[in-house]
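Undergrad: Below is one structure. I have some questions about it.
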């Protein structure tokens, strides 16, 4: 999917919501466990219920990988089921030396047909470039994450005053363009989103941490919104586990719709739609 | 596998060689492509040929993941085939927020029965701890990698003069012990191995980059060897692709044996064996 196509979808659906498919057999309704493929059955119901309110789906690859071959089969079926007008994100946090990264890119872009993959920056340029060699595919590079451990290294300050996450942004923004490179920018520190926005004014941000992790949508929009919207705000547990009863899909739709409506208001206020 | 068991294997086999199973259908002998599972057929022959000369095997997960379900099946068969006295490393470079990391740990430690997994440090403590919660399982954390891109961020210098890779070592060595935590330390800068050794005197290092990437075994031993040996030196392409003809296994054995013999000399010189 191109940047223009993504922006069109955001305008059409009046939403920049990404639904995280962190599908966990211990959390889905017990009735689904009798299905042949409970993970896919759950995802299918969630996708049917939320597809009008979101522009992206983000399967968290660990949740599939842990179930071995059955998990990968469920992932493949899920990818095939997601409507083609939705942007798909492999939340995989991969990254390795060049030829290895090229094989991860092959796995997620060719074998599973994702539009994008999250990548960790520690190994530098040649670990990221292979993911950028695909037309209409995207790298979503970790910059500032939303977890407690983000403080351990990401805020390390260089002798010139620059923090590690700032160095990652400045350096990596030379490797790609805002047409094939986005950043993970956590929502738990909304002001930090503003600092990141100054460094990379044109790039889309994938923002986790709204909802379950405590971030506020309003603050994210205040600090992160740009002329192209520039935001994909993810919610996983807050939507997909809104209920663990047989009304899980209905409740997921309600939660997704509520977020979509807040997003619609925010975009109208900014005359984006 | 415990640290003491690993040291015993090193002494018994007079080797601290790790064979990297970067198995690529484009590089294995054409005759194997007719097998039902060419990847496993290749790995089986390589394991048979090299198991007397090495103490560890390191499948590079990207090479399996790219082939989808067939790749994972080949990986599972390979893990089941590796002799139980060999240490196994999932070279996966994973790492994510806590509950996600716990699922990656589940995948590699429970589903595939690896002894260890390589982990990227960017997301900090809570992304690494879930991998350390297993008895006799290991994290091998990226510290200083052997690729060109290692210069982009790993040598960033803080206002107190500390480099990022040094901060990663100092900080993370508090999260585990030398009984469940090793480090990836690239061989392309042998002096740097000495700097790392000073910071973490007791930990094992997984050293890639000897051979194809230009590192010298002699230098690695000079700077990295400690009282427990403390080294697992990996060679992938230099061994498994020593020949692309039908003598590939024989040639792999020769290459592995040559490295084992150099290691034996080095360990005898240091009166370790």
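Residue numbers (my numbering), protein chains in the order written: chain W, 1 to 273; chain L, 1001 to 1273.
For each residue, glycine too, the CB sits at the ideal point set by N, CA and C.
How many angstroms separate the CA atom of residue 47 of chain W from the CA atom of residue 117 of chain W?
TA: Cα to Cα, the separation comes out at about 20 Å.
Undergrad: Smallest Cα separation from residue 90 of chain W: which of W:125, W:67, W:70 and W:131?
TA: Considering only alpha carbons, the answer is W:131.
Undergrad: Which residues of the region 1115-1143 of chain L have a Cβ closer than 8 Å to any Cβ of chain W? Give them in chain order.
TA: Here the close residues are 1120, 1121, 1122, 1123, 1124, 1125, 1126, 1127, 1128 and 1142.
Undergrad: Residues of the region 156-186 of chain W with a CB closer than 7 Å to any CB of chain L: list them in chain order, please.
TA: Here the close residues are 156, 157, 158, 159, 164, 167, 168 and 171.
Undergrad: Hey, quick one: how far does the beta strand (DSSP E) through residue 138 of chain W stretch, first residue to last?
TA: Taken as a continuous stretch (DSSP letters only), the beta strand (DSSP E) holding residue 138 of chain W covers 138-144.
Undergrad: What ranges does the alpha helix (DSSP H) occupy inside the region 108-134 of chain W, keeping only unbroken runs of at least 4 residues that lie completely in it?
TA: Qualifying alpha helix (DSSP H) stretches, in chain order: 125-132.
Undergrad: Does the separation of the CB atoms of residue 1124 of chain L and residue 150 of chain W fall below 8 Å?
TA: Taking 8 Å as the Cβ cut-off, residue 1124 of chain L and residue 150 of chain W qualify as a contacting pair.
Undergrad: Check each candidate in L:1161, L:1193 and L:1181 and name the one with the smallest Cα separation from residue 1135 of chain L.
TA: Closest by alpha carbon: L:1181.
Undergrad: Could you tell me whether any Cβ in chain C is nearer than 8 Å to the Cβ of residue 5 of chain W?
TA: No chain C is present in this structure, whose protein chains are W and L.
Undergrad: Are the beta-carbon atoms of residue 1058 of chain L and residue 1006 of chain L separated by less than 8 Å?
TA: Contact: no.
Undergrad: Report the partner residues of residue 91 of chain W according to the DSSP bridge assignment.
TA: Residue 91 of chain W is bridged to W:60.
Undergrad: Hey, is residue 95 of chain W close to the ligand ATP, as in C-beta under 7 Å from one of its heavy atoms?
TA: Looking for the ligand ATP in the displayed structure turns up nothing, as the structure carries no ligands at all.
Undergrad: With a cut-off of 8 Å on the beta carbons, I'd call residue 1074 of chain L and residue 1115 of chain L a contact; round off their distance for me.
TA: That belief does not hold up - the Cβ atoms of residue 1074 of chain L and residue 1115 of chain L are roughly 19 Å apart, past 8 Å.
Undergrad: On the premise that residue 40 of chain W lies in contact with residue 78 of chain W, defined as a C-beta separation below 8 Å, what is that separation, rounded to the nearest angstrom?
TA: With 8 Å as the limit, residue 78 of chain W and residue 40 of chain W qualify as a contact, their Cβ atoms being about 6 Å apart.
Undergrad: Let me know if residue 144 of chain W comes out buried or exposed under the rule of 16 or more other beta-carbons within 10 Å of its beta-carbon.
TA: By the neighbour-count rule (16 or more Cβ atoms within 10 Å), residue 144 of chain W is buried.
Undergrad: Got a sec? Which residues, its chain only, sit under 8 Å from residue 1003 of chain L by beta carbon, not counting five neighbours each side?
TA: So the list reads 1178, 1179, 1204 and 1228, once near-sequence residues are dropped.
Undergrad: List the residues of chain W whose Cβ lies closer than 8 Å to the Cβ of residue 1073 of chain L, in chain order.
TA: Chain W residues near residue 1073 of chain L: 69.
Undergrad: Between the region 1187-1201 of chain L and the region 1245-1253 of chain L, can you find at least three pairs of beta-carbon atoms closer than 8 Å?
TA: As far as the Cβ criterion goes, the region 1245-1253 of chain L does not touch the region 1187-1201 of chain L, which means the pair count is below three.
Undergrad: If residue 1225 of chain L sits next to residue 121 of chain W, beta carbons under 8 Å apart, how far is it from one beta carbon to the other, in whole angstroms?
TA: Incorrect: roughly 32 Å between the Cβ atoms, too far for contact.
Undergrad: Under three-state DSSP, which class holds residue 70 of chain W?
TA: Residue 70 of chain W falls in the helix class under three-state DSSP.
Undergrad: Counting beta carbon pairs with one atom in the region 1180-1195 of chain L and one in the region 156-165 of chain W, are three or more of them shorter than 8 Å?
TA: The region 156-165 of chain W, when compared against the region 1180-1195 of chain L, does not touch it at the 8 Å Cβ threshold.
Undergrad: Just to confirm before moving on: does the CB-CB distance between residue 216 of chain W and residue 1147 of chain L stay below 8 Å?
TA: No; because the gap between Cβ atoms is not below 8 Å, this pair is not in contact.
Undergrad: Tell me whether residue 1055 of chain L sits in a helix, a strand or coil according to DSSP, three-state version.
TA: The answer is coil: DSSP assigns residue 1055 of chain L none of H, G, I, E or B.
Undergrad: Rounded to whole angstroms, what's the CA-CA distance from residue 1023 of chain L to residue 1239 of chain L? Just pull it up for me.
TA: Their backbone Cα atoms lie some 11 Å apart in a straight line.
Undergrad: Taking C-beta pairs closer than 7 Å, name the residues in chain W that residue 1151 of chain L reaches, listed in chain order.
TA: By Cβ distance, chain W contributes 124.
Undergrad: Identify which residue in W:194, W:164, W:49 and W:268 has its Cα closest to the Cα of residue 81 of chain W.
TA: Ranking W:194, W:164, W:49 and W:268 by Cα distance to residue 81 of chain W puts W:49 first.
Undergrad: How would you write the range of the alpha helix (DSSP H) that residue 1168 of chain L sits in, first residue to last?
TA: Taken as a continuous stretch (DSSP letters only), the alpha helix (DSSP H) holding residue 1168 of chain L covers 1164-1172.
Undergrad: Among L:1257, L:1209, L:1056 and L:1141, which has the Cα closest to the Cα of residue 1010 of chain L?
TA: Looking at the Cα atoms, L:1056 is the closest of the given residues.
Undergrad: So with CB distances below 9 Å, who are the chain W contacts of residue 1240 of chain L?
TA: Those do not exist, as residue 1240 of chain L stays about 14 Å from chain W at its closest Cβ, beyond 9 Å.
Undergrad: Counting contacts by CB-CB distance shorter than 8 Å, is residue 28 of chain W in contact with chain L?
TA: No, residue 28 of chain W lies away from the interface with chain L (no Cβ there is under 8 Å from its Cβ).
Undergrad: Which residues in the same chain as residue 1168 of chain L place their Cβ atom closer than 6 Å to its Cβ, once the five residues preceding and following it in sequence are excluded?
TA: Cβ within range, chain order: 1121 and 1143.
Undergrad: Give me the Cα-Cα distance between residue 262 of chain W and residue 1230 of chain L, rounded to the nearest whole angstrom.
TA: In a straight line, the C-alpha of residue 262 of chain W is about 56 Å away from that of residue 1230 of chain L.
Undergrad: With distances taken from CA atoms, which of W:232, W:237 and W:252 is nearest residue 275 of chain W?
TA: As displayed, chain W neither begins before 1 nor continues past 273, which places residue 275 of chain W out of reach and without an answer.
Undergrad: Going by the DSSP bridge assignment, what does residue 1182 of chain L pair with across the sheet?
TA: In DSSP, residue 1182 of chain L forms a bridge with L:1140.
Undergrad: Do residue 1253 of chain L and residue 100 of chain W come within 8 Å of each other at the CB atom, strictly closer than that value?
TA: Not a contact, by the Cβ cut-off of 8 Å.
Undergrad: From the DSSP output, in three-state form, read off residue 200 of chain W for me.
TA: In this structure, residue 200 of chain W counts as coil in the three-state DSSP scheme.
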